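**Q** 83 is the number of the first residue of the sequence shown in my numbering; add one for each residue after it. All C-beta atoms in this analysis are idealised placements derived from N, C-alpha and C, irrespective of residue type, glycine included. Since this is a predicted model, take the numbers as computed values, not measurements.
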Amino acid sequence: MAILIGHSANKPIYLDEQELVTGRTCIIAQSGAGKSWLVAVLCEQLCKNRIGFCIIDTEGEYFSLKEKFDLVWVGSDEHADINIESLLESEGISEFSRQAIDSGLAIIFDVSELLNSRKAVAELASALFTAATELRKPYLLIIEEADKFIPQSKESLKELEEVAKRGRKRGLGILLATQRPSLVNKNILSQCNNQIIGKLTIENDLKAVSLFFSSRKELEDLPKLTPGEFFIMGFGMQKTKIKSAPRETSHKGATPSLKQLQKTKSTKSKEFISEFVKELKEEKEAKSEKISGLAIKTKTSEDAAKAIVEKIRKKHFLFRPEEKLDRLRKINYPLFFVKIKTKEGLLLKKIKEYSFILDGVTGEFVEISLKKSEGFSKILDFEENELKILLVLKKRKSTTVSELAEATKISEEVVRKAVGSLKNKKAITESGKKEGANLWISLVEFKVPNIRKTIEEKFEFENPDGTKIKSKICEEKIRALIKALEPSSEIVQFDEIYYPIWEAVLRNSKSRIVWIDALNGKLVKNE
83 MAILIGHSAN
93 KPIYLDEQEL
103 VTGRTCIIAQ
113 SGAGKSWLVA
123 VLCEQLCKNR
133 IGFCIIDTEG
143 EYFSLKEKFD
153 LVWVGSDEHA
163 DINIESLLES
173 EGISEFSRQA
183 IDSGLAIIFD
193 VSELLNSRKA
203 VAELASALFT
213 AATELRKPYL
223 LIIEEADKFI
233 PQSKESLKEL
243 EEVAKRGRKR
253 GLGILLATQR
263 PSLVNKNILS
273 QCNNQIIGKL
283 TIENDLKAVS
293 LFFSSRKELE
303 DLPKLTPGEF
313 FIMGFGMQKT
323 KIKSAPRETS
333 HKGATPSLKQ
343 LQKTKSTKSK
353 EFISEFVKEL
363 KEEKEAKSEK
373 ISGLAIKTKT
383 SEDAAKAIVE
393 KIRKKHFLFR
403 PEEKLDRLRK
413 INYPLFFVKI
423 KTKEGLLLKK
433 IKEYSFILDG
443 VTGEFVEISL
453 KKSEGFSKIL
463 DFEENELKIL
473 LVLKKRKSTT
483 VSELAEATKI
493 SEEVVRKAVG
503 SLKNKKAITE
513 SGKKEGANLW
523 ISLVEFKVPN
533 IRKTIEEKFE
543 FENPDGTKIK
553 SKICEEKIRA
563 LIKALEPSSE
573 IVQFDEIYYP
583 IWEAVLRNSK
593 SRIVWIDALN
603 GKLVKNE
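1) Since Ala209 and Ser176 are thought to touch, with beta carbons under 8 angstroms apart, how far apart are those beta carbons, to the nearest angstrom?
2) For Arg409, which residues does DSSP report across the bridge?
3) Three-state secondary structure (DSSP) at Leu206?
4) DSSP three-state label for Glu495, please.
5) Rounded C-beta distance between Lys251 and Gly88? I'm assuming under 8 angstroms.
6) Check for me: the alpha helix (DSSP H) holding Thr56 runs from which residue to which?
7) Tell me the rounded alpha-carbon separation between Ile411 and Thr549.
8) Going by C-alpha to C-alpha distance, which of Leu440, Tyr581, Gly442 and Lys421 sits closest to Ile433?
9) Any contact of the stretch 133-151 with the stretch 310-317, i.e. 3+ C-beta pairs under 8 angstroms?
10) Do Ala509 and Leu486 count as a contact pair if the criterion is CB distance below 8 angstroms?
11) Suppose the cutoff is 6 angstroms on Cβ atoms and the five residues either side in sequence are ignored; what does the same chain contact list for Ser571 look like?
12) Could you compute how far the alpha carbon of Asn269 sits from the alpha carbon of Val123?
13) How far does the beta strand (DSSP E) with Lys321 in it reach, from first residue to last?
14) Any contact of the stretch 102-122 with the stretch 192-209, i.e. 3+ C-beta pairs under 8 angstroms?
15) Are Leu475 and Phe458 touching if we call contact CB-CB under 8 angstroms?
16) With C-beta atoms as the reference, is Asp463 less than 8 angstroms away from Lys507?
17) Distance check for Ala377 and Leu568, CA to CA, integer angstroms please.
18) Quick one: Cα of Trp597 to Cα of Glu585, how far?
19) Is DSSP giving Phe447 helix, strand or coil here?
20) Buried or exposed for Leu343, going by 16 or more other Cβ atoms inside 10 Å?
21) In angstroms, rounded to a whole number, what distance separates the CA positions of Cys108 and Met319?
22) For Glu517, count neighbouring C-beta atoms within 10 Å of its own C-beta (all shown protein chains included) and say buried if the count is 16 or more, exposed if not.
23) Out of curiosity, what's the CA-to-CA distance linking Lys347 and Gly186?
24) Spell out a yes or no on whether the stretch 378-392 and the stretch 539-546 are touching, meaning 3 or more CB-CB pairs, one atom from each, closer than 8 angstroms.
25) Applying the 10 Å Cβ sphere with the 16-neighbour rule, what's the burial state of Arg534?
26) In three-state DSSP terms, what is Thr212?
27) For Val245, which residues in the same chain have their Cβ closer than 8 angstroms to its Cβ, ignoring the five residues on either side in sequence?
28) Skipping 5 residues on each side, what residues in its chain have a beta carbon closer than 7 angstroms to that of Thr337?
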């Protein structure tokens, strides 16, 4: 497979795709000489050949590629697929880069509206290099206006220098585009084995590219070039003068409509954008909610968790041979330590204390190592009076409203209202008549929670870190249910604590989630 770049003497000129994508290339031409046009032509060709790349767009001029091709646009514009500020603030750039390389996505990284574009590019370059080191898949990083990021006169971005020096062995190539080669770091420019050079007239710029030419006479040909004409050197070919190929999408001056940009999204980019935006939102919500309370101390390290996940992955190797660990993160699962006091004895004079732990999402009873039992999980949807009625119906086959009022010691008016609510919740139904009154039976099967428990486990605590899973139960709800079970009981302590879990996402064509208990290293969930 080859990449069409232009024509020479009416013959098409192609570049070797492997050399372009994993090598070091520079495109140099002064303003108005067709540099950006040629970069766009190469981007179109890469898209047509389904080759992954990321272009650093400093002027917001490459979004028009989305008229026809499937790219992910990261930027500040309201129509961008992913907001660049949110991506950088969430620290999701590492995962973004990993998925981009792994899926071979075409990315427009539009930094034109950022106050600190150098910082954003440094973070991206570092993340791409790390991902390429792990994945070893061909991917191309294109740097427009390279003199802004790797200048000769001041400190250049070390992250880009690293890509230029060591990216090739990892499959990560770099393409530098600039109008002013004299302003680009000479050490980086000299490492470009492939050069595409157009019209230059400034003496300093001519001197900067002289290292690529064997004689002064050849250098003197550059000012004579017309817009769109370039000399190509490297790529395993003889020095060739070409005219760049035409573009298939609009240049910056012709703004495409939003409908044009939207209609080209393929299933691949849609799925990536949808999933990644969801992850960004979850990450942002998790960071905005500072985790209060304490977490049970983690005893299984991140490295140990990775080793455990690798063992799990190998067990399924025959069924999922291409499955890889996509990401690993610590999550804080919410639990509630509940202490109650209740009066016991014939005269209700004896006061006893009990304690138990509830799952903050499901309402189940929880023991150490996340061993769970039903608890309140099947009755969370009911109010106090509704639960009292269900407790009566649990003992009796069918009952009238007046009988329920007598048994629960609640007025008939309140019972009728609760019965109507239970009927709407499909928790009870009529089963016949008794002296003209409806008989009601329960449709809910549940175990009556045994709240007379005592927690024996002693935990070590630490300040929580990682992502918080939001709890779905509250003290008010549990208090009402306990009152329905034991009217003489009262909650005296209701503390949220967090159980540490390592969450691993394993991915091939589909993804699955594995949870590892961060206390004992055992598998908690595999789906």
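**A** Put simply:
1) 5 angstroms
2) Val587
3) helix
4) helix
5) No, Lys251 and Gly88 are not in contact; Cβ-Cβ is about 30 angstroms, not under 8 angstroms.
6) Only positions 83 to 609 of the chain appear in the structure, and residue 56 is not among them; the question remains open.
7) For the sequence presented, residue 411 should be read as Arg rather than Ile. For Arg411 and Thr549, the distance between alpha carbons rounds to 8 angstroms.
8) Lys421
9) no
10) no
11) Ile422, Thr424 and Ile564
12) 27 angstroms
13) Met319 to Ser326
14) no
15) no
16) yes
17) The question names Leu, but residue 568 in the sequence shown is Glu. Answer to the nearest angstrom: the Cα atoms are 30 angstroms apart.
18) 5 angstroms
19) strand
20) Residue placement at Leu343 is flagged as unreliable, the pLDDT there being 44, under the threshold of 50; a coordinate-derived value is accordingly withheld.
21) 16 angstroms
22) exposed
23) For Lys347, the predicted structure reports a pLDDT of 49, less than 50, and the residue's modelled location is therefore unreliable. The matter cannot be settled from this model.
24) yes
25) exposed
26) helix
27) Ala207, Leu210, Phe211, Leu223, Leu254 and Ile256
28) Unreliable positioning characterises Thr337 in this predicted model, as indicated by a pLDDT of 46, which lies under 50. The coordinate reading is nonetheless provided below. Result list for Thr337: empty, nothing under 7 angstroms.
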